[in-house]
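Last residue of the sequence shown? That's 512 in my numbering, and every number before it is there in order.
See structure below.
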Amino acid sequence: MRITKMAEKMIRKQHPWIFDQSIIYQSHAGTTGELAVIFDSKRNFLAVGLWDPDSVIRIRILQFLKPAEINKAWFAQKIQSAFELRKGLADQHTNGYRVVFGENDGLPGLVIDRYASVFVIKIYTTAWVPYLHWLTEIFRELFRYETVVIRLSRNIVDKAATEYRLMDGAILDGKKLDGPVLFTENGLTFEADPIQGHKTGFYLDQRENRARVEKLSAGKNVLNVFAYSGGFSVYAARGKATTVTSVDLNPLALAAAERNFHYNFNLPAIQACQHETITEDAFKYLQETAQRGKKFDLVILDPPMFAQNQSQVERAIANYQKLTQLAVEVLKPGGILVQASCSSRISPADFFDAIHAVIQRTGRQIHEIERTGHPQDHPVGFPEGEYLKCLFARID
Ligand code: SAH
């Protein structure tokens, strides 16, 4: 293949995507998952990547600038080195974490999450399908797993079914799952549902922020909005929060949050904490709570991605700001606001500025405690890989 000068520049910067419009010559049509070899105008080798004729990201680069044979050993070496980077997590009593974070670990379009002995492969392009058998073989050599599950990003579900008879949530190898999987995170027990849950079953990316919340929770009334299965709630309870209120639209997620408390009832702090779940729209709940005059000491806002594309950015920022404003209305003077965003289209600076602008309007004072980004197992390897940011601040 040959590509435009602009795309060539990006490859030299090790950017992992080549878009359809950047391709100026190809030797033949190519099938999904075939290896595309890219040469520069002087016929020097540039890169090898996975070809996907149905994606605007036409090639996802595996190997930059130095030729290499892309075989099972090549994939094994990548997975092994990603795994090495996460080894420290085991010392932190954590066996639920991201083993491979796609592009950021040199394996574009591929995510591998681990929940104890269950490994979940999530693919964002069917170009990975021809390689899945290698991946399970590599896992067998590297890890002692019981089950390997495959998850598909929404946009490839149809193609995977019609062309490969591959279903979202299928078991690729090992034992069938007869319910959620239990795993530990910083010594706490949680369940994940790798087959039907959000992402691969749990929001592993918030582990470090949850630990920060734990340290700030002693003696506090905590409100966890967009709680999902109560990750932040359980940490707040272990941190000796007096009460925790978990709010989410999804009653199934809140039922999981209750179970996540129960798994940890051996800890006195978790038993002592009063936990309440409320199935309600976050905006409505905050509005009504403000009207009732009820206040909290610590409010966590961790909403779903608001901006799926560039055209939604403005509205997303307005929604983040609306949430900040509503949260501040239910926050005692001197209370702590923890607000996160997982929209990669919104830069950390724009997000933090947006929160500051709202607080200024309310006439209250903001004292930042910390701005945080990505945890250890979600490294950022290219600009688009950065999505998570979170502000910890005291609001007087
Ligand atoms: N904080 C969670 C992850 C949150 S994911 C954790 O650490 O695990 C976002 C959650 O927001 C989902 O559980 C989804 O059900 C919920 N949600 C989406 N829109 C909502 C709304 N309008 N009101 C309340 N919850 C909502």
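Virtual Cβ for every residue (Gly too), placed ideally from N, Cα, C.
It should be emphasised that the depicted structure is a prediction, and the values quoted were computed from it without experimental measurement.
Buried or exposed (CB count within 10 angstroms, at least 16 for buried), residue i
i, result
"Ser-427", "exposed"
"Gly-346", "buried"
"Val-172", "exposed"
"Ile-462", "buried"
"Ser-143", "exposed"
"Ile-140", "exposed"
"Ala-470", "buried"
"Asn-160", "exposed"
"Arg-408", "exposed"
"Thr-361", "buried"
"Lys-291", "exposed"
"Met-122", "exposed"
"Thr-405", "buried"
"Arg-270", "exposed"
"His-249", "exposed"
"Ala-398", "buried"
"Ser-138", "buried"
"His-483", "exposed"
Integer Cβ distance of residue i from residue j, believed to fall under 8 angstroms
i, j, result
"Tyr-401", "Val-350", "Not really, about 20 angstroms apart at Cβ, beyond 8 angstroms."
"Thr-316", "Arg-260", "Incorrect: roughly 19 angstroms between the Cβ atoms, too far for contact."
"Phe-422", "Glu-219", "In fact, because the Cβ distance is near 22 angstroms, the residues do not count as touching under 8 angstroms."
"Thr-478", "Cys-506", "In fact, because the Cβ distance is near 20 angstroms, the residues do not count as touching under 8 angstroms."
"Thr-440", "Gln-390", "About 26 angstroms separates the two Cβ atoms, so there is no contact after all."
"Ala-371", "Tyr-344", "Actually they do not touch by this definition, with Cβ atoms about 11 angstroms apart."
C-alpha gap between residue i and residue j, whole angstroms
i, j, result
"Tyr-280", "Gly-212", "29 angstroms"
"Asp-309", "Asp-512", "39 angstroms"
"Leu-414", "Leu-288", "42 angstroms"
"Gly-513", "Gly-285", "With the chain covering 117 to 512 only, the question about residue 513 has no answer from this structure."
"Val-496", "Arg-510", "28 angstroms"
"Phe-81", "Gln-424", "Nothing can be reported for residue 81, as the shown portion of the chain is limited to 117 through 512."
"Arg-202", "Gly-303", "16 angstroms"
"Gly-450", "Leu-223", "45 angstroms"
"Ala-327", "Gly-355", "9 angstroms"
"Ile-154", "Phe-180", "10 angstroms"
"Pro-367", "Gln-387", "22 angstroms"
"Pro-384", "Asn-376", "15 angstroms"
"Lys-238", "Ala-277", "15 angstroms"
"Ala-184", "Leu-178", "10 angstroms"
"Val-265", "Ala-206", "22 angstroms"
"Val-245", "Ile-475", "48 angstroms"
"Leu-298", "Glu-262", "13 angstroms"
"Phe-217", "Leu-151", "21 angstroms"
"Leu-417", "Asp-156", "47 angstroms"
"Asn-337", "Tyr-379", "22 angstroms"
"Thr-252", "Ala-198", "16 angstroms"
"Tyr-231", "Phe-508", "28 angstroms"
"Ile-433", "Thr-210", "34 angstroms"
"Pro-419", "Ser-460", "13 angstroms"
Closer than 6 angstroms: residue i CB and nearest the ligand SAH heavy atom
i, result
"Gly-347", "yes"
"Asn-425", "no"
"Asp-229", "no"
"Gln-407", "no"
"Tyr-319", "yes"
"Phe-412", "no"
"Asp-418", "yes"
"Leu-298", "no"
"Ala-369", "yes"
"Gln-322", "yes"
"Leu-339", "no"
"Ala-357", "no"
"Tyr-344", "yes"
"Asn-366", "yes"
"Ala-73", "It is not possible to answer for residue 73, since the shown part of the chain is limited to 117 through 512."
"Ala-398", "yes"
Below-7 angstroms beta-carbon distance, residue i vs any chain B residue
i, result
"Leu-402", "Among the chains of the structure shown, chain B does not appear; only one protein chain is present."
Cβ-heavy atom distance, residue i to the ligand SAM, below 6 angstroms
i, result
"Phe-161", "Inclusion of the ligand SAM in the displayed structure is not the case, the ligand content consisting of the ligand SAH alone."
Could I get the ranges of all uninterrupted alpha helix (DSSP H) runs contained in the segment 215-280, with 4 residues as the minimum, in chain order?
248-258 and 273-280
Entirely enclosed alpha helix (DSSP H) segments - the segment 454-482, minimum 4 residues
464-478
Which ranges does the beta strand (DSSP E) cover as unbroken runs of at least 3 residues, wholly within the segment 142-230, from first to last along the chain?
Within the segment 142-230, the runs of beta strand (DSSP E) that reach at least 3 residues and sit entirely inside it are, in chain order, 151-155, 161-167, 173-180 and 212-217.
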